[in-house]
Amino acid sequence: MSNLRIALYQPDIPGNTGTILRMAACLGLSVDVIEPAGFDLSDRNLKRAGMDYIASVALTRHVNWERFEEWRSASGRRLVLASTKAALPYTRYDFRPDDILLFGRESAGVPDHVHERADGRILIPMADGQRSLNIAISAAMIAGEAIRQVSPI
Numbered sequence: 001m002s003n004l005r006i007a008l009y010q011p012d013i014p015g016n017t018g019t020i021l022r023m024a025a026c027l028g029l030s031v032d033v034i035e036p037a038g039f040d041l042s043d044r045n046l047k048r049a050g051m052d053y054i055a056s057v058a059l060t061r062h063v064n065w066e067r068f069e070e071w072r073s074a075s076g077r078r079l080v081l082a083s084t085k086a087a088l089p090y091t092r093y094d095f096r097p098d099d100i101l102l103f104g105r106e107s108a109g110v111p112d113h114v115h116e117r118a119d120g121r122i123l124i125p126m127a128d129g130q131r132s133l134n135i136a137i138s139a140a141m142i143a144g145e146a147i148r149q150v151s152p153i
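The sequence shown begins at 1 in our numbering and counts up by one.
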């Protein structure tokens, strides 16, 4: 359906990753997992959250950030980082059909060197005093907006 991709930087929680894989399968998005993950990718919680949809998702595993960056650079795709440190709301960002939507670790986000490599940085505006949304919810909101913008229909 789309050339958009979701990239997960060293995900910590198998249930969240499974939910994102299920969403990606349903929306026709590909997923990149940048390792090391905080769990075994065959984890039963991942499988339970992703149900039988995991078999339908185009999943690429990258052994580390450097390998992911090599692949991304060769592909010429933009990297759009979702971050609580960003200033631009995701609804005001101009997505492209081949963007990679990057989400950091649930426990720590992404390190500064990853943040610096992003071509765009976006955030989901939240009520005062709130830190962050669940990563699967964030991925769904941002992917939905990106699809809305780049969809031909």
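Ideal placement from N, C-alpha and C gives every residue a C-beta, glycine not left out.
Within 10 angstroms of the beta-carbon of residue 17 lie 16 or more other beta-carbons, which makes it buried. Residue pairing by DSSP places residue 24 in no beta bridge whatsoever. With fewer than three CB-CB distances shorter than 8 Å, the segment 22-33 does not count as touching the segment 88-98. Short of 6 Å from the beta carbon of residue 103, and not among the five residues preceding or following it, lie these beta carbons of its own chain, in chain order: 8, 82, 135, 139. In the structure shown, residue 60 adopts extended strand secondary structure according to DSSP, grouped into three states. Boundaries for residue 76: no alpha helix (DSSP H) harbours it, and the DSSP string shows neither H nor E there. Scanning its chain for C-beta atoms nearer than 8 Å, with the 5 sequence neighbours on each side dropped, one finds around residue 101 the residues 4, 5, 6, 7, 80, 82, 139, 142, 143, 146, in chain order. Judged by their CB atoms, residue 98 and residue 77 are nearer to each other than the 7 Å cut-off. Excluding its 5 nearest sequence neighbours in each direction, residue 34 has C-beta neighbours in its own chain below 8 Å: 7, 8, 9, 10, 62, 64, 65, 68, listed in chain order. Taking a C-beta distance under 7 Å as the contact criterion, residue 121 and residue 86 qualify as a contact pair. With fewer than 16 neighbouring CB atoms inside 10 Å of its own CB, residue 112 falls in the exposed class. Around the beta carbon of residue 128, a 10 Å sphere encloses fewer than 16 other beta carbons of the protein chains shown; the residue is thus reported as exposed. In the displayed model, residue 6 falls within a strand according to three-state DSSP.
Taking every protein chain shown into account, the CB of residue 40 has fewer than 16 other CB atoms within 10 angstroms, so this residue is exposed.
For residue 138, the enclosing alpha helix (DSSP H) starts and ends at 135-150.
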